[in-house]
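Heads up: the sequence shown begins at 7 in this note's numbering, then just goes up one per residue. Virtual Cβ for every residue (Gly too), placed ideally from N, Cα, C. Here the structure is a predicted model, which means the values were calculated and not measured. Structure first, then comments.
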Amino acid sequence: MRHFAGKTLRWDWRDAIVELTLNHEPANEIGTATLADLEKFAAAIPALSAETAACIITSARKEGFSAGADLRELYRGAEALTEKERLTGVRQFLERIHAVLNTIDAAPFVTIAAVHGVCFGGGFELALACDIIVSDKMARFAFPELRLGLIPGFGGIPRLKRDLGNAFVRDLLLTGRSVNAARAQAVGLVAQLAAEGEALQIARSTAAQIAKFDFVTRAAAKKFIKSIPHDELRREIDLFCELFSRPAVMAALKKFVESTDAMPYLP
């Protein structure tokens with residue numbers, strides 16, 4: 007499937023490059039609708055692979071790349087359920103999103119996240135599944151989950167640990183603070199820093215360069231240098247579900263949902 011238009015994203019294939027564009031109001035929160043569209047993309051990867059050199063994941067929302075998981079949907083869906091039903095639903099969602107991100111992580115073509123604005127929580131975890139992050143200078147990255155009594159649940163910590171030193175990982179996770187694009191580049195998270203509004207253009211230039219090289223060699227090189235931490239990813243799901251079972255988490259989600267802040271996801 008070279009072209010697709012869903013409720014929350016679209017993708018288009020041209021000249022060996024796929025552009026997947028997130029576009030879900032207000033800030034590309036990842037809930038059941040986005041997950042369903044991402045699952046369609048993951049299912050299309052085997053067919054796309056033979057003719058695809060690179061895939062760019064970008065956002066059409068001015069607010070940024072993605073504000074993370076759809077916490078409002080999570081809370082409203084869990085509110086009327088028993089504790090057992092909540093945990094079953096959360097685990098099923100996490101297993102589905104992990105399957106999608108593992109598929110993107112292991113895709114034989116090169117994946118590039120073109121980031122601007124907010125790149126928080128689950129949105130940050132989507133970017134971390136990509137091979138290369140290109141960021142404009144105004145982007146910010148964060149894992150704000152601790153203020154909800156949770157850890158990131160979409161595979162972010164194992165993937166961040168795979169790529170960066172523990173000092174930065176612990177600082178990001180345990181403080182909940184956001185970091186700017188310049189620091190993210192300094193620690194090796196961001197591969198290329200672009201001027202404001204230019205991340206997609208730089209990502210396209212990078213994808214065009216990648217397309218010049220042999221498919222088999224490129225796929226072998228990626229597989230060699232980018233192992234997927236499956237054991238840690240499974241443990242993350244278990245720990246997230248364990249933490250989610252506490253009443254304090256539902257109370258924190260309720261506070262978030264009832265917030266009148268324009269952008270309550272900001273750390």
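| Query | Result |
| --- | --- |
| Once DSSP output is grouped into helix, strand and coil, what is the label at Asn34? | coil |
| With distance defined between alpha-carbon atoms, name the residue in Leu239, Met256 and Leu154 nearest to Ile103. | Leu239 |
| Are the CB atoms of Glu69 and Lys143 nearer to each other than 7 Å? | no |
| Hey, Val116 and Ala60: beta-carbon distance below 7 Å or not? | yes |
| From the DSSP secondary-structure annotation, give me the bridge partner or partners of Val140. | Ala120 and Gln198 |
| Is the region 34-53 in contact with the region 89-97, if contact means three or more CB pairs nearer than 8 Å? | no |
| DSSP three-state label for Val255, please. | helix |
| Relative to the C-alpha of Leu195, which candidate in Phe174, Ala205 and Arg210 has its C-alpha closest? | Phe174 |
| To the nearest whole angstrom, what separates the beta carbons of Glu242 and Pro150, a pair I think is in contact under 8 Å? | About 17 Å separates the two Cβ atoms, so there is no contact after all. |
| What's the C-alpha gap between Phe230 and Trp17? | 28 Å |
| Rounded to the nearest angstrom, what separates His30 and Ile51 at their Cα positions? | 22 Å |
| Give the C-beta separation of Ala75 and Leu28 to the nearest angstrom, bearing in mind that I take them to be a contact with Cβ-Cβ under 8 Å. | Actually they do not touch by this definition, with Cβ atoms about 14 Å apart. |
| Considering only C-alpha positions, which residue in the set Phe71, Leu134, Ala192 and Ala105 is nearest to Val205? | A small correction: the amino acid at residue 205 is Ala; Val does not occupy that position in the sequence shown. Among Phe71, Leu134, Ala192 and Ala105, the Cα nearest to that of Ala205 is on Phe71. |
| Does the beta-carbon of Val222 have 16 or more other beta-carbons within 10 angstroms, so that it is buried, or is it exposed? | exposed |
| Relative to the C-alpha of His236, which residue among Gly171, Thr212 and Gly162 is closest? | Gly162 |
| Start and end of the beta strand (DSSP E) containing Arg16? | Leu15 to Arg20 |
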